[in-house]
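Going left to right, the sequence shown walks through residues -3 to 279 as this note's numbering numbers them. Here a beta-carbon is modelled for each residue, glycine too, at the ideal position from N, C-alpha and C. This one's a predicted model, so the numbers in the text were calculated from it and none came from an experiment. As structure tokens, the structure follows; a few thoughts come after it.
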Amino acid sequence: MLIREDIPVYSAHTNFDAAKGGMNDILCNILGIYDEEILQVTYKEGYKKIVVYVPIGYEEIVKTAMCNAGAGYIGNYSDCTFQTMGIGSFKPLEGTNPFIGEIGKVENTQEVRIETIAPDKLVNRIISAMLKVHPYEEVAYDIYPVETLYDEYGIGRVGLIKDTTLGNLANDVKAKLGLKNIRIVGDLNKAVKKVAVCGGSGGSFVSISAFKGADVLITGDVGYHDAVDAIHLGLAIIDAGHFGTEKISVNFIAEYIRDEAQKMNVDLDVITSEVQADPFIIM
């Protein structure tokens, strides 16, 4: 039906679960979980160091172009670069059009070595931006792997919550997720401080949640054997349902699209679905 009406569809699932700021971070924000980390890392994205040699007077232009393209982010710092002065030597040959120097003569000129870093996925874009503003006909630049820096992505989160009991937390989950029913595994009077979350179906994360020191796992679709395993591991479970733990993402995604459209000066109406519901009826 979509194809016949020429309507594109983009379906995010596990990628949205693993994304920074995605499904599981939304859950943490709603439930008041803080100091969270990834429950199970599934992917590590490497970084590269980009080094380029620039004639004096062009260093700011080149740095700005590279950083605007995504280079120079380290933690919560942006525009991170390092530069040193040096002497560059080269001899323009026949058929060249040198920015500095004369054809057939060795040229020694002061240059600035600019260093910065970038995630693998942005390297080509940054190099392209750098080449567009660099004055040289032939640009000398290097790309090195960085072994000490990488971004991690993965499923689930584990973090801390204000001291409470399993029963009180269960009531909070019901209220904050707007649910009528939840399932609980464990002693309602159990003190909980460290919480693991996994939106959707997370019964397979029982063992790793216990290994990470969580007192309780909040997820959906927990099976019988997962519940028994959790009891033996001393892990409580709040099963808020597959639908219950994921429905909260709809408004978030809609708002995200609106914000991005506004940044791009695109007039876009975003309509959220009002027809989806949990397929299960509790009698």
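Could you tell me which residues DSSP pairs with ILE46 in its beta bridges?
THR112 and ILE139
Work out the CA separation of GLU41 and PHE78 for me, nearest whole Å.
23 angstroms
CA-CA distance, GLY150 and ILE214?
So the alpha carbons of these two residues sit roughly 16 angstroms apart.
Starting from CYS76, trace the beta strand (DSSP E) in both directions and tell me its first and last residue.
Neither: CYS76 is in no beta strand (DSSP E) and is coded neither H nor E.
What residue range is occupied by the uninterrupted alpha helix (DSSP H) comprising ILE171?
Ile is not the amino acid found at residue 171; the sequence shown has Ala there. First-last of the alpha helix (DSSP H) with ALA171: 162 to 173.
Reference PRO275, options ASP265, GLY240 and ALA250, closest by Cα
GLY240
Report the rounded CA-to-CA distance for GLU90 versus GLU98, giving the unit in angstroms.
Taking the straight line from one Cα to the other gives about 10 angstroms.
Nearest by alpha-carbon distance to ALA250: which of GLU133, ALA14, GLY18 and ILE(-1) is it?
GLY18
Out of curiosity, what's the CA-to-CA distance linking ASN25 and LYS59?
36 angstroms
When the Cα atoms are used, what is the spatial distance from GLY199 to GLN36?
Note on geometry: alpha-carbon atoms of GLY199 and GLN36 lie some 13 angstroms from one another.
Hey, would you say LYS189 sits closer than 8 angstroms to ASP222, going by beta carbons?
no
LEU231 classed as buried or exposed, judged by whether at least 16 other C-beta atoms fall within 10 angstroms:
buried
Put MET280 into one of helix, strand or coil per three-state DSSP.
Only positions -3 to 279 of the chain appear in the structure, and residue 280 is not among them; the question remains open.
Can you give me the C-alpha to C-alpha distance between PRO88 and ALA8, rounded to a whole angstrom?
Whole-angstrom Cα-Cα distance: 52 angstroms.
I think ILE113 touches ALA67, with their Cβ atoms under 8 angstroms apart; what is that distance to the nearest whole Å?
7 angstroms
Drop a sphere of 10 angstroms on the beta-carbon of HIS238, count the other beta-carbons inside from all chains shown, and report buried for 16 or more, exposed for fewer.
buried
Taking the alpha-carbon positions, what's the LEU173 to TYR132 distance?
58 angstroms
Per-residue burial, SER85 [other beta carbons within 10 Å of its own, 16 or more giving buried]
Its Cβ having fewer than 16 others within 10 Å, SER85 is exposed.
Is DSSP giving ARG121 helix, strand or coil here?
helix
Could you work out which residue in ASP75, TYR54, SER124 and GLY216 is closest to PHE95 when comparing CA atoms only?
Comparing alpha carbon positions, the residue from ASP75, TYR54, SER124 and GLY216 closest to PHE95 is TYR54.
Considering Cα atoms alone, identify which of ILE46, ASN247, ASN104 and TYR69 is closest to ILE267.
ASN247
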